[in-house]
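To start, the structure itself, in structure tokens.
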Amino acid sequence: MVESDEAWIDELRSSYKSGAHNQFILHGNVYDSFFIRSEEKLLGLVPFISEEILSGFDAILTYDLAKGVRIRKGGDDLAKVTNRPVSSEETVRSPAAALRELDRLLLSAVNVARIRGGSPCKVAVVIEDAHLVVPFSGGRSRDHELSRLALTLRNWASDGALREHPLATFLTCENFSDLHPLVSRNPRSHTVEVPLPGPNLIGEALIAYRKRFPKAFGKEPEKQLAEQLSGVALVSVEEAVRMANLSERPIEGADVAELKKSLIENDARDLIEFIPPSKNFSNMAGSEAIKKWVSKDLQNWREGRLRAVPKGYLLCGPVGTGKTFLAECMAGEAGVPTVALKNFRERWVGTSEGNLEKVFRILRALGRCMVFVDEADQALGRRVSEGDGGLSGRLYSMIAKEMGKNENRGRIVWILASSRPDLIEVDLKRPGRVDVKIPILPTSTTAESMELIRALLRRNDLVLSDEEARSLEENAPLLMTAGAAEALAAKVMRLQVTSERKTAEVLSEMLKNYQPSVPKAVIEFQIDLAVREATDIELVPEYFQNRRNTKPHTEIES
121 MVESDEAWID ELRSSYKSGA HNQFILHGNV YDSFFIRSEE KLLGLVPFIS
171 EEILSGFDAI LTYDLAKGVR IRKGGDDLAK VTNRPVSSEE TVRSPAAALR
221 ELDRLLLSAV NVARIRGGSP CKVAVVIEDA HLVVPFSGGR SRDHELSRLA
271 LTLRNWASDG ALREHPLATF LTCENFSDLH PLVSRNPRSH TVEVPLPGPN
321 LIGEALIAYR KRFPKAFGKE PEKQLAEQLS GVALVSVEEA VRMANLSERP
371 IEGADVAELK KSLIENDARD LIEFIPPSKN FSNMAGSEAI KKWVSKDLQN
421 WREGRLRAVP KGYLLCGPVG TGKTFLAECM AGEAGVPTVA LKNFRERWVG
471 TSEGNLEKVF RILRALGRCM VFVDEADQAL GRRVSEGDGG LSGRLYSMIA
521 KEMGKNENRG RIVWILASSR PDLIEVDLKR PGRVDVKIPI LPTSTTAESM
571 ELIRALLRRN DLVLSDEEAR SLEENAPLLM TAGAAEALAA KVMRLQVTSE
621 RKTAEVLSEM LKNYQPSVPK AVIEFQIDLA VREATDIELV PEYFQNRRNT
671 KPHTEIES
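Numbering of the sequence shown is given in this note's numbering, commencing with residue 121 and proceeding in unit increments.
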């Protein structure tokens with residue numbers, strides 16, 4: 121491994137050697153495979169830390185619900201030191217029995233060392249899937265047995281006698297929020313996030329894979345493949361290599377991007393979805409001021425002026441104005457992976473928080489990326505919540521913390537979209553989290569409306585001449601949104617095809633009978649909200665600029 125991928129291991133070693141901690145909570149990418157550089161082999165987390173970190177310990181014990189207590193190393197030595205047999209998995213599978221047995225062993229080792237003196241027996245204990253042994257209960261549980269188990273684990277880190285003994289305990293879980301608070305909030309425990317592998321580590325693994333699976337590789341260098349596969353778990357990379365070797369279809373070229381997309385979406389369990397870079401600003405009609413502003417930001421990003429890159433954007437405006445379309449164009453212009461945050465909320469206690477933790481791990485591993493959150497006023501939660509056990513408040517806190525991290529500037533850019541920005545917490549959309557607020561507004565003149573309609577007709581291969589457009593322009597509605605124009609263009613196409621009439625004739629009839637699908641009062645209200653949110657007056661079309669100083673319209677529900 122290389123230095124950047126060894127950071128979490130170095131953190132463990134230094135924390136233990138300094139005597140600051142003897143209990144470590146490992147969370148994050150704990151179900152991945154881990155690469156042993158010297159032997160060019162992959163191991164699971166427990167065998168990996170046994171070789172890389174715990175090689176100097178005399179005895180290593182592990183426990184999980186399925187296999188019970190297991191002796192990985194030094195069972196006989198530990199039995200001699202403690203003068204008691206070390207029970208095996210067949211007798212201690214239940215959490216209560218297992219932790220009681222392990223607790224007795226540890227205390228016996230400490231007491232014997234005190235009495236006999238000499239060199240003490242160095243003991244390490246690993247509790248795998250600790251969230252299944254001492255799960256988070258949402259603060260509503262009065263299960264005294266669960267609390268007793270959590271206190272046992274907490275005491276291993278807090279008890280003075282145990283802290284003086286050469287003892288190390290490790291608790292593994294995918295999501296830190298899934299642990300019982302008596303364990304997760306123990307100041308004596310040290311929390312270490314196991315990251316997804318970086319491109320350097322993936323590259324080293326690919327070099328080893330090429331020797332074993334030569335038919336999975338073409339001429340593309342491992343380093344180049346690794347850069348493109350950044351953010352993918354090693355276990356997923358190995359699966360892809362094995363399948364490519366079997367099918368004798370090398371992993372290279374355009375296939376890599378699609379492979380990365382499918383692997384990460386599979387690992388993320390439908391929590392995120394990649395936005396394909398199929399659009400850019402050339403596909404977007406009008407909005408020149410917005411395109412100019414965002415293009416400058418993206419240029420700064422590409423050229424490495426990261427302090428000038430916004431942490432986030434808020435795209436606000438009435439429903440149907442094209443906020444999602446603008447985000448898709450930004451994805452194409454940026455040239456970096458762009459993901460849409462999907463529904464991460466679930467009914468089970470702690471699951472929603474765990475989903476968010478997983479999403480954040482993937483985003484950090486992707487390197488530079490953009491994150492799109494549609495309907496942000498609904499998706500991101502509230503600071504104060506009622507009726508959901510505090511879930512919305514916890515999710516809000518997690519998202520706000522992640523968006524505000526200074527180390528994420530120039531690495532993760534958030535794009536929030538909402539027609540009701542007033543419902544987004546002020547603290548979430550403040551500078552330092554959302555630096556640029558862009559109003560996406562409907563047309564302000566009949567000429568703009570007609571140009572929008574023509575652009576959407578052209579997508580359907582329907583052509584309207586300049587002369588025909590001018591003749592119909594006076595009937596074009598004001599305050600037309602992109603969504604309304606797209607629906608109108610679809611109706612024109614349907615009638616034009618079925619009646620074999622000219623496009624201009626059909627469109628003229630549609631315009632005379634046009635009725636907006638969203639009440640004008642709602643549109644006006646949402647325009648006012650967007651104008652007042654705008655970061656800079658130059659982002660607001662001149663027609664709407666005076667709304668910053670007038671009394672806002674009142675919303676009328678449709």
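C-beta: ideal position from N, C-alpha, C; glycine also.
Please read all numbers here as calculations on a predicted model, not as lab measurements.
- For D648, the enclosing alpha helix (DSSP H) has its first and last residue at 640-653.
- For C436, the uninterrupted beta strand (DSSP E) segment begins and ends at 432-436.
- For L486, the three-state secondary structure derived from DSSP is coil.
- In the three-state reduction of the DSSP assignment, I544 falls in the coil class.
- With respect to the 8 Å criterion, L434 and V554 are classified as neighbours on the basis of their beta carbons.
- Around the beta-carbon of L321, 16 or more other beta-carbon atoms lie within 10 Å, marking it buried.
- By the neighbour-count criterion, in which 16 or more other beta carbons inside 10 Å mark a residue as buried, Y183 falls on the buried side.
- Beta bridge pairing from DSSP links Q143 with T289, S309.
- Sequence-distant partners of E448 (beyond 5 residues in either direction) whose C-beta falls short of 7 Å from its own C-beta, in its chain, are I395, K399.
- Boundaries of the beta strand (DSSP E) around E393: 392-394.
- In the DSSP assignment, F154 falls within the beta strand (DSSP E) that extends over 154-156.
- When the beta-carbon positions are compared, C436 and L649 come within less than 8 Å of each other.
- Just measuring C-alpha positions, the residue of I519, F480, D387 sitting nearest R503 is I519.
- Secondary structure of G280 (DSSP, three-state): helix.
- Between I544 and V491 the beta-carbon gap is near 15 Å, outside 8 Å, which marks them as no contact.
- Membership of S356 in any beta strand (DSSP E) is not indicated; the residue belongs instead to the alpha helix (DSSP H) covering 354-367.
- In this structure, the alpha-carbon of A602 lies about 40 Å from that of I371.
- Assignment of beta-bridge partners to W534 by DSSP yields G432, V491.
- Residue range 188-193 is occupied by the beta strand (DSSP E) that includes R192.
- By the beta-carbon neighbour count (other beta carbons within 10 angstroms, threshold 16), T670 is exposed.
- The continuous alpha helix (DSSP H) containing A328 extends over residues 319-332.
- Beta-bridge pairing by DSSP links L163 to F154.
- When G406, S407, A405, A428 are compared, the shortest CA-CA separation from K416 is found for A428.
- Annotated three-state conformation of L271 is helix, per DSSP.
- In the three-state scheme derived from DSSP, where H, G and I count as helix and E and B as strand, P255 is classed as strand.
- When the beta-carbon positions are compared, I643 and P438 come within less than 8 Å of each other.
- In the DSSP secondary-structure assignment, K557 is bridged to L434.
- Assignment of I173 by DSSP, reduced to helix, strand and coil, places it in the coil class.
- Here DSSP, grouped into helix, strand and coil, assigns L461 to strand.
- For the set E313, S356, F296, the Cα lying nearest the Cα of A325 is the one of S356.
- Annotation: the continuous beta strand (DSSP E) that includes I180 extends over 179-184.
- In the assembly as shown, I235 is an exposed residue. Its beta-carbon has fewer than 16 other beta-carbons within 10 Å.
- According to DSSP, residue pairing for L299 in a beta bridge involves P255.
- Per DSSP, reduced to three states, the secondary structure at A244 is strand.
- For the pair I392 and V479, the CB atoms are nearer than the 8 Å cut-off.
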